[in-house]
Amino acid sequence: MKKLFVLACFISMASITSSCSNDDSSTPSKEEETKNELALTKGQGTYLKTLDDKGFFNLTLSGEDTKLELSLISKKIESVDLLEPNIESHKYILSTDQLLYTLSPESNLINKNEKLTIQSAELEIINQENKYSITGTIVDSNQLTYTVKFNDAIDIQPLYHTEYTLQNGWYWGDDEYKHPNIGQYMTFFAAGKTNNYGELDGDGYRVSLSLYDEKAPKAWEAKIPNKTYQASTTFDKGSFYIATSKDIEKEEPVYRYAYFEHRDSDKQINRKVYIRDNSFIKVIETPKGQEVRFNLELSDGTRHLGKYNGPIRQGDEATITSLKENRTVGNLDIGYLEFQGASPINGLQNNRWNIYLYNKDLKTDPDNYWAVGGSGEYMRIALYTELNQKTSIPSGTYNIGPEAPNMAGFGEGFEAGFDWGTWYFDLKNSDFKDAAPAKSGKIIVTNQNNVYTISVEFEDDRENIVTAKYTGELIFKNNDKNKIFDIHSAKYNKNTKNFLEQYKQEKALRVLNRYLGQ
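Final position of the sequence shown in the numbering used here is 703; the numbers increase by one with none missing.
As structure tokens, then:
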């Protein structure tokens, strides 16, 4: 009887154990774990402020129908680094005490349009060159636990003082004296009330500067390279040019350098100040075009944060030609051969010549700086010969290149009307309709008893091919005075005034002096 009682108890206990095991739902199944995993694939963040030597961030991680909004405290970001704020690698837990490496209770989970506060959280954040791995768990206000998994880059930006809405710019190419083989990308950004030139005409902000970097492969397709630029008092790649401390002390005109302008009539603000050393500009590609972010230290002791997002224009000021396609020159009926004498440049042993070829509808005055009137096409071809050649051009092929015997001269200058060397021109009613300087190519000259056949084929600075041919005599003009400079004087003031202003004046004078050997 005792044995039967013990056996009954054993069976009863086994039954209870089995029942408890089948009813236990405290541990989630693998299916439930997967269901509560937040698959987050996109991230963006904002650096809000520095307070009590700590940095305050907002971070948004997004997935399909899910968004995790985190307010967290990490190491502070120095003002000079505000274009590259980053969250330090650490374990972050939810806390109300605003301690370092904590998440604030303002953090939320938005799941299928339902916004839930986060009751507790523990997240491990690992930052490797701004690519973040974020893992851990959170519990929402419904007491549901979620596993967080994120692994991607996060674009964290500061709070900006303004977002710029207007931009314009010009690509100037390099300057063989100041910044050879370094391209200049001049630009301005504005927000607020502006006039037709983009200058402030009321309340607003404006930044004006020149960025320097690799030359554009094609000036007419110039685009500001995407990178971070640093303020510099020298012309370096990856920089923008600013005034030196001495320039500022001397109160040099602010527009010669990178500067910032801000007007606010209500607050009686009207300032135009230099941009200083610890300044950075970040340019990135976006679907709208390019985004330009500014972190600028100003000469009045303040700092400006701004942003522009949209198309970036860079008008082509480096290309001189007006041609947009290849050009075959029409009939050339009249020719002149001008002897200019020996080169005035020390060390060069050659004579200089110009060949002028005109359409019959054009009139020229060789004794008045070769002034031209009428409508039609013409060419000027610069050739260099040995010193013993003084009355005619010998037959041969003259490649366009540096000044030397048996070479043809580059087309140089700033524009038609302020030009020298080998050029093509097209006039309409005595005004320049088209013009193109020669940058490469060849001139073939055949001279048979002073009857010349001249074949021209050159490439301009926009990769257009210009071809021309002339057969006939050349009227000889002896201008061996070393005082003739090929400026079309009637067009000089109209066509060159902009190039002799401000910073371009020095370059113009250097080029003139080089040509004249001074």
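Positions of the beta carbon are idealized from the N, C-alpha and C atoms, including for glycine.
| Query | Result |
| --- | --- |
| Proximity of Ala704 and Trp608 at Cβ, strictly below 8 Å | No information on residue 704 is available, as it lies outside the stretch 186 to 703 that the chain covers here. |
| Sub-8 Å separation of Gln352 and Phe374 beta-carbons | yes |
| Contact set for Ile519: own chain, Cβ-Cβ below 6 Å, skip 5 residues either direction | Tyr543 |
| Heavy atom of the ligand ZN within 7 Å of Asn293 beta-carbon | Ligands are entirely absent from the displayed structure, and the ligand ZN is therefore not among its contents. |
| Three-state secondary structure (DSSP) of Val651 | strand |
| Residues of its chain near Asn663, where Cβ-Cβ distance is below 6 Å and the 5 sequence neighbours each way are ignored | Phe524 |
| Among Asp645, Val557 and Lys627, nearest to Gly598 - alpha-carbon criterion | Asp645 |
| Spatial distance of Phe643 from Gly354 (CA atoms) | 30 Å |
| Endpoints, the alpha helix (DSSP H) within which Glu434 is located | Ser430 to Glu434 |
| Contact the stretch 528-542 vs the stretch 580-597: 3+ CB pairs below 8 Å | yes |
| Other residues of its chain near Gly474: CB distance less than 7 Å, five sequence neighbours each side excluded | Gly495, Pro496 and Ile497 |
| CA-to-CA distance, Gly581 to Val392, given in whole angstroms | 55 Å |
| Straight-line Cα distance separating Gln499 from Lys467 | 17 Å |
| Burial state of Ser292, where buried means 16 or more other Cβ atoms lie within 10 Å | buried |
| 3 or more residues per run - each beta strand (DSSP E) lying fully within the stretch 325-387 | 330-338, 340-343, 347-349, 351-360 and 364-379 |
| Buried or exposed by the 16-neighbour rule on C-beta atoms within 10 Å, applied to Glu365 | Looking at the sequence shown, residue 365 is not Glu but Pro. Flag for Pro365 reads exposed. |
| Delimiting residues of the beta strand (DSSP E) encompassing Leu490 | Arg488 to Gly495 |
| Segment limits, beta strand (DSSP E) that includes Gly626 | Ser625 to Gln633 |
| Segment limits, beta strand (DSSP E) that includes Phe242 | Lys239 to Gly248 |
| Identity of the residue in Lys452, Glu249 and Lys403 nearest Ala503 by Cα | Lys403 |
| Assigned secondary structure, Glu406 (DSSP; H/G/I helix, E/B strand, else coil) | helix |
| Nearest-angstrom Cα separation, counted from Ala623 out to Asn584 | 11 Å |
| Residue closest to Leu612, alpha-carbon to alpha-carbon, out of Val514, Ser528 and Asp337 | Val514 |
| For Val636: DSSP bridge partner residues | Gln633 and Glu658 |
| Anticipated Cβ contact below 8 Å, Gly228 with Tyr317, distance rounded | 7 Å |
| Coarse secondary structure for Val439, derived from DSSP in three states | helix |
| Reduced DSSP secondary structure (H/G/I, E/B, other) of Ser264 | helix |
| Distance between Gln328 and Asn296 (C-alpha atoms, nearest Å) | 14 Å |
| Sequence-distant residues of the same chain with beta carbon closer than 6 Å to Glu571, five excluded per side | Pro590 |
| Lys422 (DSSP reduced to helix, strand or coil) | coil |
| Gly368 beta carbon less than 8 Å from that of Ala401 | yes |
| Where the beta strand (DSSP E) through Lys575 begins and ends | Per DSSP, Lys575 belongs to no beta strand (DSSP E) and is neither H nor E. |
| Cβ pair Ser640, Lys654 closer than 8 Å | yes |
| For Trp605, the three-state DSSP class (helix, strand or coil) | strand |
| Cα-Cα separation, Glu648 to Ala416 | 34 Å |
| The stretch 278-290 in contact with the stretch 303-316 per 3-pair CB rule at 8 Å | yes |
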